[in-house]
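Asker:
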Amino acid sequence: MPKHLQFNPFVYTGYRPQMNSWECIMSLTYFHNETLNILTHGLPLLYAIWKLPGLLPWDEMPLPILPYFHAAATVCPWLGSSIYHLFMNHYSGVKTYERLLQWDVAGVWVTQSCGGFSSIFVGTMCLSWPLRYLLLLIYISFAAKALHAAVYAAGPWERRISFAAMFIMRLFILCLRYTPYGGGHPETRVYLQEI
Numbered sequence: 308m309p310k311h312l313q314f315n316p317f318v319y320t321g322y323r324p325q326m327n328s329w330e331c332i333m334s335l336t337y338f339h340n341e342t343l344n345i346l347t348h349g350l351p352l353l354y355a356i357w358k359l360p361g362l363l364p365w366d367e368m369p370l371p372i373l374p375y376f377h378a379a380a381t382v383c384p385w386l387g388s389s390i391y392h393l394f395m396n397h398y399s400g401v402k403t404y405e406r407l408l409q410w411d412v413a414g415v416w417v418t419q420s421c422g423g424f425s426s427i428f429v430g431t432m433c434l435s436w437p438l439r440y441l442l443l444l445i446y447i448s449f450a451a452k453a454l455h456a457a458v459y460a461a462g463p464w465e466r467r468i469s470f471a472a473m474f475i476m477r478l479f480i481l482c483l484r485y486t487p488y489g490g491g492h493p494e495t496r497v498y499l500q501e502i
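The sequence shown begins at 308 in my numbering and counts up one residue at a time.
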């Protein structure tokens with residue numbers, strides 16, 4: 308087993324040997340150390356592709372591209388991770404593995420950036436247009452920096468930290484929504500009922 312695939316100290320057996328592309332695809336027909344990872348990422352991908360077109364309000368959005376952003380944010384992490392787990396033991400070695408890992412991280416980035424863009428867009432609707440578009444531009448610049456940092460990160464912690472600015476900005480916009488500037492009203496009450 309190549310060294311770059313021996314990163315999980317809790318998996319002792321069941322590793323797939325190095326394979327070509329077709330053998331990697333055929334490994335879906337038997338159990339091995341990546342079977343659950345492939346299934347838990349592949350099945351939600353298929354479900355999202357099947358159900359998502361009927362769930363999104365395609366014609367009701369103020370910005371027509373938002374449903375497409377939401378669809379990309381829903382599908383991409385499952386797609387990237389499924390491909391990563393399915394082909395990670397490809398015989399072409401560590402370079403292919405690193406490229407697959409970048410593909411996986413790019414899927415997470417699409418979720419964070421496109422899904423977050425929808426939140427930022429909706430969260431700033433009550434602001435004046437210059438401030439609104441400035442905040443959207445800041446978020447897009449954070450997303451671009453996060454993509455570069457995540458794809459070229461040296462380790463898992465660097466990949467996680469690369470998304471921090473985007474997370475903090477979404478948290479800031481969420482807090483802004485509860486103020487009068489973000490559309491919230493201080494006298495608003497929320498009543499929760501059991502149905």
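Glycine included, C-beta positions come from ideal geometry on N, C-alpha and C.
Measure the CB-CB distance between F449 and M473 and report whether it falls below 8 Å.
Answerer: The residue labelled residue 449 in the question sits at position 142 within the sequence shown. The residue labelled residue 473 in the question sits at position 166 within the sequence shown. Against a cut-off of 8 Å, the Cβ pair of M473 and F449 comes out as a contact.
Asker: In the DSSP assignment, the alpha helix (DSSP H) including M473 goes from what residue to what residue?
Answerer: Within the sequence shown, residue 473 is the residue found at index 166, counting from 1. Counting along the chain, the alpha helix (DSSP H) containing M473 begins and ends at 471–484.
Asker: Using the C-alpha atoms, what's the distance from G361 back to Y446?
Answerer: As a working note, residue 446 is residue 139 in the sequence shown. As a working note, residue 361 is residue 54 in the sequence shown. Distance between the alpha carbons of Y446 and G361: 29 Å.
Asker: With distances taken from CA atoms, which of S334, W416, I372 is nearest N396?
Answerer: Locating residue 396 in the sequence shown gives position 89, counting from the first residue. Closest option to N396, Cα to Cα, is S334.
Asker: List the whole-angstrom C-beta distance separating A380 from G349, where the pair is believed to meet the contact cut-off of C-beta under 8 Å.
Answerer: Locating residue 380 in the sequence shown gives position 73, where the first residue counts as 1. Locating residue 349 in the sequence shown gives position 42, where the first residue counts as 1. Actually they do not touch by this definition, with Cβ atoms about 18 Å apart.
Asker: Determine the closest residue to F317 out of S435, N340, Y398, with distance taken between C-alpha atoms.
Answerer: The residue labelled residue 317 in the question sits at position 10 within the sequence shown. Considering only alpha carbons, the answer is N340.
Asker: How big is the Cα-Cα spacing for F470 and P324?
Answerer: By one-based count along the sequence shown, residue 470 stands at place 163. By one-based count along the sequence shown, residue 324 stands at place 17. Rounded to whole angstroms, F470 and P324 show a C-alpha spacing of 34 Å.
Asker: Which residues in the same chain as A355 place their Cβ atom closer than 7 Å to its Cβ, once the five residues preceding and following it in sequence are excluded?
Answerer: Within the sequence shown, the letter at position 48 stands for residue 355. The residues are T381, V382, W385.
Asker: Mind checking which residues open and close the alpha helix (DSSP H) that includes F424?
Answerer: Here residue 424 corresponds to residue number 117 of the sequence shown, with the count starting at 1. Its alpha helix (DSSP H) spans residues 423–430.
Asker: Go through its chain and collect everything with a Cβ distance to V401's Cβ below 6 Å, but skip five positions before and after it.
Answerer: The count along the sequence shown starts at 1 and reaches residue 401 at position 94. Closer than 6 Å at Cβ, skipping near neighbours: H311.
Asker: Less than 8 Å between the C-beta atoms of Y398 and M326, yes or no?
Answerer: Looking up residue 398 in the sequence shown gives position 91. Looking up residue 326 in the sequence shown gives position 19. Yes, the Cβ-Cβ distance between Y398 and M326 is below 8 Å.
Asker: Output needed for L407: all residues of its chain with C-beta closer than 7 Å, excluding positions within five of it in sequence on either side, in chain order.
Answerer: Within the sequence shown, residue 407 is the residue found at index 100, counting from 1. Correct list, in chain order: I390, Y391, F394, M395.
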